[in-house]
Amino acid sequence: DGGITQSPKYLFRKEGQNVTLSCEQNLNHDAMYWYRQDPGQGLRLIYYSQIVNDFQKGDIAEGYSVSREKKESFPLTVTSAQKNPTAFYLCASSTRPNTEAFFGQGTRLTVV
Amino acid sequence: GQQVMQIPQYQHVQEGEDFTTYCNSSTTLSNIQWYKQRPGGHPVFLIQLVKSGEVKKQKRLTFQFGEAKKNSSLHITATQTTDVGTYFCAPQAAGNKLTFGGGTRVLVKP
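Residue numbers (the numbering used here), protein chains in the order written: chain S, 1 to 112; chain H, 1001 to 1110.
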């Protein structure tokens, strides 16, 4: 099955700990994106990558980091510097920028 | 930078009625995409509009791109309970960021 996979679906962490969210796609897409969604709110862009070994900050990159060492993988690390990390995190990919994006099922992160 | 406003933020619709949601940008767009997110789910792509004045239909959904390529609308006729969810526009200007409007949350009253 082709698609985009995020794991885990639910994640709990203690305050002050870094946590890495996984995003893998087997669609051979060049572009990948990370979004944060708070309850009842829209999607805010954290980071995006157009090609392997390259990524750019989105609108709310502070407290987050990413890597794009492989085409199919775009992990997101939520660092202890992120003041309000509890949220729903969505990863997406597209063939190239400005084309249809496919989303993963999302990871609900709760920091206590 | 680009400012995007999606209105209304909430839409309560009686089943069977029509409604429209609008997406307005402060800058000229290269294209615009629309997505639907069901409660508890993830966004799913609906359509992409590229040409000035373009109109596309998907069954009961009609999408329109403004002549100036600064706004777009989604019109749903004869609303059904399956239309419940949040509809997001994703206006694309220069550059390769995929950003989204704030969404219109649709609730359907049976």
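Glycine included, C-beta positions come from ideal geometry on N, C-alpha and C.
Tell me the residue span of the beta strand (DSSP E) that contains residue i.
i	result
leucine 76 of chain S	76 to 78
isoleucine 4 of chain S	4 to 7
glutamate 69 of chain S	Glutamate 69 of chain S -> no beta strand (DSSP E), and no H or E assigned at all.
alanine 1093 of chain H	First-last for alanine 1093 of chain H: undefined, no H or E at that position.
valine 1108 of chain H	1104 to 1109
aspartate 54 of chain S	54 to 57
lysine 1057 of chain H	1055 to 1058
isoleucine 1076 of chain H	1071 to 1076
glutamine 1009 of chain H	It is not in any beta strand (DSSP E) - glutamine 1009 of chain H carries neither H nor E in the DSSP assignment.
isoleucine 1032 of chain H	1031 to 1037
threonine 1028 of chain H	Premise fails: threonine 1028 of chain H is in no beta strand (DSSP E) and is neither H nor E.
leucine 27 of chain S	No beta strand (DSSP E) contains leucine 27 of chain S, which DSSP labels as neither H nor E.
phenylalanine 1100 of chain H	Phenylalanine 1100 of chain H -> no beta strand (DSSP E), and no H or E assigned at all.
valine 112 of chain S	Where valine 112 of chain S is concerned, there is no enclosing beta strand (DSSP E), given that its DSSP letter is neither H nor E.
Give the residues of chain S in contact with residue i, contact being defined as C-beta atoms less than 7 Å apart.
i	result
glycine 1053 of chain H	Residues of chain S passing the Cβ test: none, with the nearest at roughly 19 Å.
phenylalanine 1100 of chain H	Gly42 and Leu43
Within the 8 Å Cβ cut-off, does residue i reach chain H?
i	result
glutamate 24 of chain S	no
tyrosine 89 of chain S	no
serine 55 of chain S	First, the residue type needs correcting, since residue 55 of chain S is phenylalanine and not serine in the sequence shown. It does not: the Cβ of phenylalanine 55 of chain S has no partner Cβ on chain H nearer than 8 Å.
lysine 43 of chain S	According to the sequence shown, residue 43 of chain S is leucine rather than lysine. True, the Cβ-Cβ gap to chain H drops below 8 Å.
glycine 58 of chain S	yes
tyrosine 48 of chain S	yes
leucine 64 of chain S	Note that residue 64 of chain S corresponds to tyrosine in the displayed sequence, not to leucine. No, no contact with chain H.
Taking only beta-carbon atoms, is residue i less than 8 Å away from chain S?
i	result
glycine 1066 of chain H	no
proline 1043 of chain H	yes
serine 1030 of chain H	yes
By DSSP's criteria, residue i is part of a beta bridge. Which residues make up the other side?
i	result
arginine 44 of chain S	S/Arg36
serine 93 of chain S	S/Met32 and S/Phe102
phenylalanine 1065 of chain H	H/Ser1072
isoleucine 51 of chain S	S/Asp54
glycine 1085 of chain H	H/Val1106
valine 1050 of chain H	Bridge partners of valine 1050 of chain H: none, in fact.
valine 1044 of chain H	H/Lys1036
Going along chain S, which residues have a C-beta under 9 Å from residue i?
i	result
glutamine 1048 of chain H	Asn98, Thr99 and Glu100
Which bits of chain H does residue i rub up against, with CB to CB less than 7 Å?
i	result
tyrosine 33 of chain S	Leu1098
Checklist line | Where the segment 1085 to 1098 of chain H meets chain S: residues whose CB sits under 7 Å from a CB there | finding: Phe1088, Gln1092, Asn1096, Lys1097 and Leu1098
Inset, instruction - Mind checking the segment 77 to 106 of chain S against chain H and listing, in chain order, the residues whose C-beta falls within less than 8 Å of any C-beta there? - result: Leu90, Ala92, Ser94, Pro97, Asn98, Thr99, Glu100, Ala101, Phe102, Phe103, Gly104, Gln105 and Gly106
Margin query: Can you pull out the residues from the segment 1008 to 1030 of chain H whose beta carbon lies closer than 9 Å to at least one beta carbon of chain S?
Written below: Ser1030
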